[in-house]
Structure formats: C-alpha cells, structure tokens
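Reading through the structure tokens given below for one structure.
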Amino acid sequence: MEELEIYDPVEGKPMMIIYMAKSGEKWIKLSGDRLVEGVLTRVLRTSYSYRPIEKCRIKIGERLECHIEEVGNAMRVYSVVPTEWVVVKVERYEPILEDIPEFRGIAIAYCERQPLSVEEIQAMFYKVIPKISVDSFGGDSEAYHNFLESDEAKRYVRTNA
Numbered sequence: 059m060e061e062l063e064i065y066d067p068v069e070g071k072p073m074m075i076i077y078m079a080k081s082g083e084k085w086i087k088l089s090g091d092r093l094v095e096g097v098l099t100r101v102l103r104t105s106y107s108y109r110p111i112e113k114c115r116i117k118i119g120e121r122l123e124c125h126i127e128e129v130g131n132a133m134r135v136y137s138v139v140p141t142e143w144v145v146v147k148v149e150r151y152e153p154i155l156e157d158i159p160e161f162r163g164i165a166i167a168y169c170e171r172q173p174l175s176v177e178e179i180q181a182m183f184y185k186v187i188p189k190i191s192v193d194s195f196g197g198d199s200e201a202y203h204n205f206l207e208s209d210e211a212k213r214y215v216r217t218n219a
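The numbering of the sequence shown is our numbering, which starts it at 59 and goes up by one.
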C-alpha cells in the first residue's frame, strides 16, 4: 500500500493568544511609545504559542505575569511579578486559512482586575536564573570547570546534567 503524505497548511504556525480586559472593566491607557501614548485599549497582551494545540491551554484563574529582565546580565536572569489581571473566560477560534494564513488558531482570554496585597505579590514573586551545566559549554568540561571557579558563576545554579 502506498503511503500518502498529508499536507497540513498550519503546521509550524503559531496559535495567537489575545489577553483582553473583559467587558465592563476599565480600559487601559497605554504609555511609552509616542505613537500609542494615551491611547485606551482593552488588549492587555498578545502572545504566540508554537506548542501543539492540545498542550496550549489557557487556564481560567491564571494570573498574568510580568517578566522583568535584569539589565547587564548576559544570561537573561529575570524576575516574574504577578499582575492584577486574572483570566475568567477563554474563547477559541479557527481562522479561515484564506483570510488569516499566519495562525493555526486564535484564542481570546478575557481577564478581570483582581488586585493583590503587597504580601500576596511578595509571595508570588520569583526569579528565573539559568541553570549552567557542562552542556552549556558544548560538552567542554575544562571550560565548564573554569567557569565554575570564576566570580561570574556565583549567580547561577549548578546542575550535574
């Protein structure tokens, strides 16, 4: 029996996720770039997921987080800070490929404001520090051991992998 190749027009394309303030919430005033300074919007964040659709789950109750990268650190150490926005409803759409060929799916996650106390923020705050192993040096164990003995190594978590 001849094996047929199946063409998947959305293979390798991302799922677009739009996090929005739900209807009834105050609109958000944008700041930063002159082009959008003072503009009101309900869009809190957009993101793209390349994970398989069955693994790309947005959970009700999920709290949006803000990732703040440490300036001047070559290893991309960053802090994760919770925001006051929580997902309360999710809608998924399959785009018509002729109209929106860039995405394999679109999800809208509606969020509502649920403020946190300072204590709650502190309890949910954490840092992400890259793990360093001999694999980080392409298997060069001498370079890895030289790094471990340097002052630079004190910032990172050591692994045996």
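C-beta atoms are modelled at their ideal positions from N, C-alpha and C, and glycine is treated no differently. As the structure is a prediction and not an experimental result, all values here were calculated from the model.
So is Y77 buried or exposed if we call it buried at 16+ other beta carbons inside 10 Å?
-> buried
Pull up the distance between the alpha-carbon of T217 and that of Q180, whole angstroms please.
-> Any reading at T217 must be qualified, since the residue scores a pLDDT of 49, below 50, and its modelled position is unreliable; the value itself is stated next. Each residue's alpha carbon lies about 27 angstroms from the other.
With a threshold of 16 other CB atoms inside 10 Å of the CB of A201, please say whether the residue is buried or exposed.
-> exposed
Runs of alpha helix (DSSP H) wholly within the stretch 78-156 (minimum 4 residues, chain order) = none
Is it the case that the Cβ atoms of F161 and M74 are separated by a distance below 8 angstroms?
-> yes
Grab the span of the beta strand (DSSP E) containing E177 for me, first residue to last.
-> Unbroken run through E177 is the alpha helix (DSSP H), 176-182; no beta strand (DSSP E).
What's the call for H203, buried or exposed, on a 16-neighbour Cβ count within 10 Å?
-> exposed
Closest residue to M182 among Y168, L155, E152, H125 (Cα-Cα distance) = H125
Give a single yes or no on whether Y184 has its beta carbon closer than 7 angstroms to a heavy atom of the ligand MG.
-> The ligand MG is absent from the structure shown, which contains no ligands of any kind.
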